[in-house]
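So the sequence shown is numbered by this note's numbering: it starts at 508 and just counts up by one. Each residue gets a CB set at the ideal place from its N, CA and C atoms; glycine is no exception. None of the values given here were measured: they were computed from a predicted structure.
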Amino acid sequence: MPDDELNRDATIVRDTRIVRDIATWPNLITLVRLLCLPVFVWLLLGRHDRAYAGWLLGVLGATDWVDGWVARRFNQVSEFGKIFDPTADRLMFIVAIVCIMIDGAAPWWFCLAVLVREVTFGATVAVLKLFFGMDRFDVTYLGKWATFLLMFVFPGFVMGNSSIGISAFFEAFAWVAGPIGLALSYYTAVAYIPTIRQSLRAGRAHRNDLAT
Numbered sequence: 508m509p510d511d512e513l514n515r516d517a518t519i520v521r522d523t524r525i526v527r528d529i530a531t532w533p534n535l536i537t538l539v540r541l542l543c544l545p546v547f548v549w550l551l552l553g554r555h556d557r558a559y560a561g562w563l564l565g566v567l568g569a570t571d572w573v574d575g576w577v578a579r580r581f582n583q584v585s586e587f588g589k590i591f592d593p594t595a596d597r598l599m600f601i602v603a604i605v606c607i608m609i610d611g612a613a614p615w616w617f618c619l620a621v622l623v624r625e626v627t628f629g630a631t632v633a634v635l636k637l638f639f640g641m642d643r644f645d646v647t648y649l650g651k652w653a654t655f656l657l658m659f660v661f662p663g664f665v666m667g668n669s670s671i672g673i674s675a676f677f678e679a680f681a682w683v684a685g686p687i688g689l690a691l692s693y694y695t696a697v698a699y700i701p702t703i704r705q706s707l708r709a710g711r712a713h714r715n716d717l718a719t
């Protein structure tokens with residue numbers, strides 16, 4: 508009987524920790540941003556309203572830092588959030604690019620080049636973590652800036668091909684900033700190779716320590 512009570516208490520404590528790890532303000536912000544993605548898809552491909560779709564995508568890009576700042580500011584950094592936030596960001600980014608490519612608001616070759624980088628890099632990291640035990644590593648500031656820049660380039664293309672009065676400004680910005688963001692994204696992907704190797708070695712060392 509006492510063992511049953513101890514197991515039950517341990518289960519309650521574990522479940523409480525899981526809930527606390529998930530039910531945080533940063534994760535809620537990430538969830539709200541993720542739920543805006545269907546609205547963007549509907550605006551762009553359903554209503555064919557590039558102005559509002561581009562504006563919403565720009566807001567989603569501009570608020571990318573908010574959840575991370577809230578997590579650090581209020582000490583709500585969680586293991587779930589470390590996975591949920593970048594996964595949601597990558598999902599929003601990829602879906603948005605595919606929709607923009609379907610709509611034709613941005614050059615198909617530019618969309619394809621960004622997609623190849625995002626999907627290839629994301630899939631490689633996921634496989635190395637799941638099947639080779641690679642330790643998690645932090646994104647570099649240059650990598651963050653490349654992604655942040657591209658998050659404004661695509662809204663620029665969308666709004667640049669809309670009927671708003673300053674569409675030419677947004678299109679010019681997209682054409683200037685786009686190649687820079689694209690080049691930075693590929694540069695950072697190559698620059699991550701030493702970090703990935705180090706994380707793989709750290710993961711193997713950690714597994715060996717557990718085995719001994």
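Spatially closest choice to Ala595 from Gly629, Asn582, Trp576 and Trp549, by CA coordinates: Gly629
Can you tell me whether Phe581 is helix, strand or coil according to DSSP? coil
As assigned by DSSP and simplified to three states, the class of Asp574: helix
Span separating the alpha-carbon of Ser670 from that of Ala558: 7 Å
Leaving out five residues on either side along the sequence, give the residues of the same chain with a beta carbon under 6 Å from the beta carbon of Phe680. Gly663
What are the boundary residues of the alpha helix (DSSP H) that Val646 is part of? It is not in any alpha helix (DSSP H) - Val646 carries neither H nor E in the DSSP assignment.
Identify which residue in Lys589, Ser706 and Thr695 has its Cα closest to the Cα of Leu635. Ser706
Could you tell me the boundaries of the alpha helix (DSSP H) in which Ile604 lies? Glu586 to Asp610
Examine the Cβ distances between the region 631 to 649 and the region 570 to 585 and report whether three or more of them are shorter than 8 Å. no
Can you tell me whether DSSP reads Ile671 as helix, strand or coil? coil
Leu550 - containing alpha helix (DSSP H), residue span: Element bounds for Leu550: n/a, residue is neither H nor E.
Start and end of the alpha helix (DSSP H) containing Ala558? Arg557 to Ala569
As assigned by DSSP and simplified to three states, the class of Cys543: coil
For Met608 and Trp532, what's the separation of their Cα atoms in angstroms? 33 Å
Report the three-state DSSP secondary structure of Ala681 (helix, strand or coil). helix
Leaving out the 5 sequence neighbours to the left and right, which residues in its chain are closer than 8 Å to Leu619 when beta-carbon positions are compared? Met608
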